[in-house]
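Numbering-wise (the numbering used here), the sequence shown opens with residue 129 and increments by one. Where is the CB? At the ideal position from N, CA and C, for every residue including glycine. Please read these numbers as outputs of a predicted model, since none were measured by experiment.
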Amino acid sequence: MDIQFVTASSARLQARIVDAGAMPPGADAALSEGARASRFAGKPGQLFEHFSGGEGAVSRLALVGAGEAGTKARQRHMEQAGAALAAKYGASGEAVLALDGAGLAADEVAAVLLGLRLRSWRYDLYRTRLPDDQKPSLTRIEVVGAADGAAAAWEQASAVAEGVEFARELVTEPGNVIYPESFVARAQARLAGTGVEIEVLDVAAMQALGMGALLGVAHGSIRAPRLLAMRWKGTKADKPTVFVGKGVTFDTGGISLKPPAGMEDMKWDMGGAAAVAGTMLTLARRKARADVLGVVGLVENMPDGGAQRPGDVVTSMSGQTIEVINTDAEGRLVLCDCLTWVQKQVSPAAIVDLATLTGAMIITLGHEHGGIFANDEDLADALLGAGKASGDKLWRLPLGKAYDKLIDSPIADMKNVGPREGGSITAAQFLQRFVEKGTPWAHLDIAGMVWAAKPGHSWDKGATGYGVRLLDQYVRATLEG
Ligand code: BES
Ligand code: MN
Ligand code: ZN
Numbered sequence: 129m130d131i132q133f134v135t136a137s138s139a140r141l142q143a144r145i146v147d148a149g150a151m152p153p154g155a156d157a158a159l160s161e162g163a164r165a166s167r168f169a170g171k172p173g174q175l176f177e178h179f180s181g182g183e184g185a186v187s188r189l190a191l192v193g194a195g196e197a198g199t200k201a202r203q204r205h206m207e208q209a210g211a212a213l214a215a216k217y218g219a220s221g222e223a224v225l226a227l228d229g230a231g232l233a234a235d236e237v238a239a240v241l242l243g244l245r246l247r248s249w250r251y252d253l254y255r256t257r258l259p260d261d262q263k264p265s266l267t268r269i270e271v272v273g274a275a276d277g278a279a280a281a282w283e284q285a286s287a288v289a290e291g292v293e294f295a296r297e298l299v300t301e302p303g304n305v306i307y308p309e310s311f312v313a314r315a316q317a318r319l320a321g322t323g324v325e326i327e328v329l330d331v332a333a334m335q336a337l338g339m340g341a342l343l344g345v346a347h348g349s350i351r352a353p354r355l356l357a358m359r360w361k362g363t364k365a366d367k368p369t370v371f372v373g374k375g376v377t378f379d380t381g382g383i384s385l386k387p388p389a390g391m392e393d394m395k396w397d398m399g400g401a402a403a404v405a406g407t408m409l410t411l412a413r414r415k416a417r418a419d420v421l422g423v424v425g426l427v428e429n430m431p432d433g434g435a436q437r438p439g440d441v442v443t444s445m446s447g448q449t450i451e452v453i454n455t456d457a458e459g460r461l462v463l464c465d466c467l468t469w470v471q472k473q474v475s476p477a478a479i480v481d482l483a484t485l486t487g488a489m490i491i492t493l494g495h496e497h498g499g500i501f502a503n504d505e506d507l508a509d510a511l512l513g514a515g516k517a518s519g520d521k522l523w524r525l526p527l528g529k530a531y532d533k534l535i536d537s538p539i540a541d542m543k544n545v546g547p548r549e550g551g552s553i554t555a556a557q558f559l560q561r562f563v564e565k566g567t568p569w570a571h572l573d574i575a576g577m578v579w580a581a582k583p584g585h586s587w588d589k590g591a592t593g594y595g596v597r598l599l600d601q602y603v604r605a606t607l608e609g
């Protein structure tokens, strides 16, 4: 999407953002009566379209609602207005849309554009027979008469869009295309020239470090695992903030094989890793004044003759041993070695891990909130706040000794699953056993948020890019604020 700031536009399709109950000044009778008769009231995302003829040419005007001015939700409503335009006109046949910037603040213009861009993202790479009338047509937005500073505000917002889009792309790609090595290659290509430093651990390096938990998951796959570390040093700090992502590029369950129905969803079991990679891109693109290390554990979980068995005991990099009761509880096995590695590498200001860790999380919170578990009140509050501000919402769940006991094992230091009850909590307890005392840590179980069955605020059905805006907002408010 090409976005230009202009003084005048000759585009036939025009859009105006309208506050609740306020018709645009100078609206003629046909327009105001048409809007009234269509019950257009300027509600957030509400859209009314009006064709009018004059001077030999027909013009097409869209009024989009932005709700009431002066509310806390104003920016989100502006995004919603932009998203409504994208949904309506993305494949409408129109190529150019002129957005009337008059009366909008610079950051409101940027929010409309962000909604427009995010909602129009789609991935048509594998569609070779898309009928012409379904092809995306809208390629350019001309913003007319925008306030001073709108272009600069958009520059910042477009860094966010890039990160979200990159995360969506990684999530959307199937398991035969995105596997550990190709994930690394794509991240390297996308982050090249941004200033993000990259380090990659291969199997030999991970063996030397004793990452028996992560490597055990990889045993059943012909795809070699990788650990990918991405560092953005936008400021001098000896204590970086660390984001860790689960990157299971496909999760069959392993020998504890999943049932066939819906297994294709497990291509997005790397949604945590995608969120971390996307965030690194955003931070670098907007030159965030923060020191952030992103680490993702990339593994494919497959069943074959080399796969680990239920009952196997593996030794993690921390030295703690794990009885693998269920090979489908693989995410925690990948993450625990990543957690140990980052704590050996740096002295983290805080660690936040993101993972599509448990189906139980979807049963608990549905698709409205990611779950957050934390050992630190300030970190939890900061993330909950960032969730509200960014729209990537979180809801806190408990940790505690009694839950922790549920993963004690008769043969090893712990087992990788507890009872069915509280499945998301025992998964979090497992991870906490790998976090050193005094390190602020939060675990975000985002199983219900990575993929959407229906269109939402600023996404179509499919990959949402959840997590990028959350982490970016956390960095803004906590590290740059
Ligand atoms: N990747 C899954 C969790 C998941 C399921 C995410 C559905 C998104 C949608 C994870 O690796 C898994 O299989 N978890 C098991 C844990 C169980 C064996 C304790 C689960 O949730 O069933
Ligand atoms: Mn699994
Ligand atoms: Zn998984």
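Give the list of continuous beta strand (DSSP E) stretches no shorter than 3 residues that lie fully inside the region 231–273. 268–272
Can you give me the Cβ contacts of Ala575 inside the same chain, cut-off strictly under 7 Å, excluding the 5 residues immediately before and after it? Thr484, Leu485, Thr486, Gly487, Met489, Ile490, listed in sequence order.
Val192 (DSSP reduced to helix, strand or coil): strand
Based on DSSP bridge pairs, tell me the residues matched to Ser187. Ser180
Against chain B, with Cβ distances strictly below 8 Å, would Val288 count as a contact? No chain B appears in this structure, which consists of one protein chain only.
Suppose you measure from the CA of Ala214 to the CA of Ala402; what does that come to, to the nearest Å? 24 Å
Please report the straight-line C-alpha distance between Lys543 and Gln560, rounded to a whole angstrom. Going from the Cα of Lys543 to the Cα of Gln560 covers about 14 Å.
Close-in-space but distant-in-sequence residues of the same chain around Glu325 (CB under 7 Å, 5 per side omitted): Arg359
Leu356 versus Ala365, Asp366, Lys367, Gly373, residue with shortest Cα-Cα distance: That would be Gly373, whose Cα lies nearest to the Cα of Leu356.
Sequence-ordered residues whose beta carbon comes within less than 5 Å of a heavy atom of the ligand ZN: Val376, Asp379, Asp397, Gly459
Buried or exposed (CB count within 10 angstroms, at least 16 for buried), Pro476: Per the 10 Å Cβ criterion, buried.
Near the ligand MN: Asp573 beta-carbon under 7 Å from a heavy atom: no
Return the first residue and the last residue of the alpha helix (DSSP H) that Gln557 is part of. Per DSSP, Gln557 belongs to the alpha helix (DSSP H) from 551–560.
DSSP beta-bridge partners of Thr449: Thr443
C-alpha gap between Tyr602 and Val146, whole angstroms: 31 Å
Just the C-alpha distance for His497 and Asp156, rounded to the nearest angstrom, thanks. When rounded, the distance between both Cα atoms is 44 Å.
Sort Leu572, Val345, Glu207 by Cα distance to Ala289 and report the nearest one. Glu207
Less than 6 Å between C-beta atoms, sequence neighbours within five positions excluded: which residues of the same chain meet that for Ser137? Scanning its chain for C-beta atoms nearer than 6 Å, with the 5 sequence neighbours on each side dropped, one finds around Ser137 the residues Ala226, Glu270, Val272, in chain order.
Note down the Cα distance separating Gly609 from Ile350, rounded to an integer number of angstroms. Looking at the two C-alpha atoms, the distance is approximately 45 Å.
Top-ranked residue by Cα proximity to Ala341, from Ile453, Ala530, Glu564, Gln203: Ile453
Can Ile383 be considered in contact with the ligand BES, in the sense that its beta carbon sits closer than 7 Å to one or more heavy atoms? no
Can you look up Thr377 in the DSSP assignment and give me helix, strand or coil? Looking at Thr377 - three-state DSSP - the assignment turns out to be strand.
Residue range of the alpha helix (DSSP H) that includes Ile71: This structure leaves residue 71 out entirely; the chain is present only between 129 and 609.
When you compare only the Cα positions, how much space is there between Asp419 and Leu512? 21 Å
Could you say which of Gly425, Gly218, Ala163, Thr363 lies nearest to Gly193 if we only look at CA atoms? Ala163
What's the gap between the Cα of Glu301 and the Cα of Ala313? 14 Å
Endpoints, the beta strand (DSSP E) within which His205 is located: Where His205 is concerned, there is no enclosing beta strand (DSSP E), although the alpha helix (DSSP H) it sits in stretches over 202–217.
Restricting to runs no shorter than 4 residues, where is the alpha helix (DSSP H) found entirely within the region 519–551? Assignment of alpha helix (DSSP H) within the region 519–551, counting only whole runs of 4 or more residues, yields 529–533 in chain order.
N-terminal and C-terminal residue of the beta strand (DSSP E) that Gly569 is part of: Contrary to the premise, residue 569 reads as Trp rather than Gly in this sequence. Counting along the chain, the beta strand (DSSP E) containing Trp569 begins and ends at 569–573.
Grab me the residues of Asp276's own chain with a C-beta within less than 8 Å of its C-beta, minus the 5 sequence neighbours each way, in chain order. Ala234
Starting from Ala462 and walking both ways along the alpha helix (DSSP H), at which residues does that stretch end? For the record, residue 462 in the displayed sequence is Val; it is not Ala. Element bounds for Val462: 459–473.
What does the alpha-carbon distance come out to for the pair Asp96 and Arg268? As displayed, the chain neither begins before 129 nor continues past 609, which places residue 96 out of reach and without an answer.
For Val474, which of Gly390, Glu564, Asp261 has the nearest alpha-carbon? Glu564
What's the C-alpha gap between Leu463 and Ala591? One C-alpha to the other measures close to 22 Å.
Assigned exposure category for Asp260 - 16 Cβ within 10 Å defines buried: exposed
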